[in-house]
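Undergrad:
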Amino acid sequence: RLSRYLLGLLSVNFGFAVVFTVALLMLGVRYAVVWGTITFFFRFVPLLGSAVSMLLPLTVSIATQPGWFAPIGVVVCYLALEGITGNLIEPYLFGQSVGMNPLALLVAIMFWTWVWGPIGLMLATPLSVVLVTLGRHLPCFSKLSLLLGDEHPMPVHIVLFQRLLAKDLIEASNLLSRLIDKRGLADTIQTVVLPALNYG
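The numbering used here puts the first residue of the sequence shown at -4, with every later residue one more than the last.
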């Protein structure tokens, strides 16, 4: 899980650096490839690294470009990229790659940042992954896996039985159609429908 997290972080930082470099080239900022490379490496440092990587091309654009179009463009591109990456791409990608619910990952990042500041921000995902792994393998921590993990808390045949027991035929048929599309008719009947009917 940690290796998948690091690979995802590498991919996100590389994509961010490439898009930022293209934006700098379009704005006419000198040495755009250098600033993109620095951005790639600095984004591995939480909070400060990303901001510092934006200040360098901003300073160069102020010093070398006439007018304010290029400096304002650098700030706008950076804020847009940082907003999209930090609020959409990273929680979704890292939540799935480490086996955590994306919302739980956001809450964990806020909690560890509140507790330990920048160090907590840097260690939030690895610490949360350790808690989820403990919950999956040690019964006394099973509630952590339920709260933070991305797995459904109940087996699918029990979910089907619950929907049938509640006489919610629409949700039961939707669940069955999704399972048939994913697993096939024979496997769905054998592994989901028959075990659900056995509860009755």
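Just so you know, even glycine gets a beta-carbon here, dropped at the ideal spot from N, CA and C.
Name the two residues that bound the continuous alpha helix (DSSP H) containing Ala161.
TA: Indexing the sequence shown from 1 puts residue 161 at position 166. Careful: Ala161 lies outside any alpha helix (DSSP H) and carries neither H nor E.
Undergrad: Determine the DSSP secondary structure at Trp63, reduced to helix, strand or coil.
TA: Reading the sequence shown from its first residue, position 68 is the one you call residue 63. Of the three classes helix, strand and coil, the one that applies to Trp63 here is coil, per DSSP.
Undergrad: Pop quiz: Thr183 and Leu171 are said to be a contact at Cβ under 8 angstroms. What is the actual Cβ separation, rounded to whole angstroms?
TA: Here residue 183 refers to the residue found at position 188 when the sequence shown is read from its first residue. Here residue 171 refers to the residue found at position 176 when the sequence shown is read from its first residue. The pair is a contact, with the Cβ atoms about 7 angstroms apart (cut-off 8 angstroms).
Undergrad: Would you report the Cα separation of Gly62 and Ser56, rounded to the nearest angstrom?
TA: For the purposes of this step, residue 62 is taken as the residue at position 67 of the sequence shown. For the purposes of this step, residue 56 is taken as the residue at position 61 of the sequence shown. Cα-Cα distance, rounded: 10 angstroms.
Undergrad: Measuring alpha carbon to alpha carbon, tell me which of Leu83, Pro121, Val124, Val187 ends up nearest Leu174.
TA: Within the sequence shown, residue 174 is the residue found at index 179, counting from 1. Comparing Cα-Cα distances from Leu174 to each of Leu83, Pro121, Val124, Val187, the minimum goes to Val187.
Undergrad: Measuring straight from C-alpha to C-alpha, what distance separates Leu4 and Leu76?
TA: For this step, residue 4 is matched to residue 9 along the sequence shown. For this step, residue 76 is matched to residue 81 along the sequence shown. Between Leu4 and Leu76, the C-alpha separation is close to 15 angstroms.
Undergrad: Which same chain residues end up closer than 8 angstroms to Ile153 when comparing Cβ atoms and leaving out the 5 residues on each side of it in sequence?
TA: Here residue 153 refers to the residue found at position 158 of the sequence shown. Same-chain partners within the cutoff: Ala191, Tyr194.
Undergrad: Quick one: what does DSSP say Arg173 is sitting in, helix, strand or coil?
TA: Along the sequence shown, read from residue 1 onward, the residue named residue 173 stands at position 178. Note: Arg173 maps to helix in three-state DSSP.
Undergrad: CB-CB under 8 angstroms to Val13, same chain, minus the five flanking residues each way: which ones, in chain order?
TA: The residue you call residue 13 lines up with position 18 of the sequence shown. The residues are Gly31.
Undergrad: I'd like to know whether the C-beta atoms of Arg178 and Glu166 end up nearer to each other than 7 angstroms.
TA: As a working note, residue 178 is residue 183 in the sequence shown. As a working note, residue 166 is residue 171 in the sequence shown. Contact flag unset, no.
Undergrad: Runs of 3 residues minimum, wholly inside the region 90 to 136: which ones carry the beta strand (DSSP E) assignment?
TA: If we require 3 residues or more, the region 90 to 136 turns out to have no beta strand (DSSP E) run fully inside it.
Undergrad: Are the region 63 to 75 and the region 47 to 55 touching, with three or more C-beta to C-beta distances below 8 angstroms?
TA: Touching, per the Cβ criterion.
Undergrad: Can you list, in chain order, the residues of its chain with a C-beta nearer than 6 angstroms to that of Ile104? Leave out the 5 residues immediately preceding and following it.
TA: Position 109 of the sequence shown, counted from the first residue, corresponds to residue 104. Contacts found: Ala119.
Undergrad: Per DSSP, what kind of secondary structure is Tyr26 in: helix, strand or coil?
TA: As a position in the sequence shown, residue 26 is number 31, starting the count at 1. Three-state DSSP puts Tyr26 in coil, outside helix and strand.
Undergrad: Would you report the Cα separation of Phe64 and Leu1, rounded to the nearest angstrom?
TA: Against the sequence shown, residue 64 aligns to sequence position 69. Against the sequence shown, residue 1 aligns to sequence position 6. So the two alpha carbons sit approximately 36 angstroms from each other.
Undergrad: What residue range does the alpha helix (DSSP H) around Leu180 cover?
TA: By one-based count along the sequence shown, residue 180 stands at place 185. 180 to 183 is the span of the alpha helix (DSSP H), which, as asked, contains Leu180.
Undergrad: Would you mind giving the Cβ-Cβ distance between Leu126 and Ala99, rounded to the nearest angstrom? I have them listed as a contact below 8 angstroms.
TA: For this step, residue 126 is matched to residue 131 along the sequence shown. For this step, residue 99 is matched to residue 104 along the sequence shown. Contact flag wrong, Cβ pair sits at about 10 angstroms.
Undergrad: What distance in whole Å lies between the Cβ atoms of Leu53 and Val29, which are believed to be in contact at a cut-off of 8 angstroms?
TA: Position 34 of the sequence shown, counting from 1, holds the residue named residue 29. Position 58 of the sequence shown, counting from 1, holds the residue named residue 53. About 14 angstroms; that fails the 8 angstroms criterion.
Undergrad: Write down the C-beta distance between Val7 and Thr80 rounded to the nearest angstrom, noting that I regard them as a contact closer than 8 angstroms.
TA: Here residue 7 refers to the residue found at position 12 when the sequence shown is read from its first residue. Here residue 80 refers to the residue found at position 85 when the sequence shown is read from its first residue. Confirmed, about 6 angstroms.
Undergrad: Exposed or buried, Leu133, counting other C-beta atoms within 10 Å across all chains shown (16 or more means buried)?
TA: By one-based count along the sequence shown, residue 133 stands at place 138. Label assigned to Leu133: exposed.
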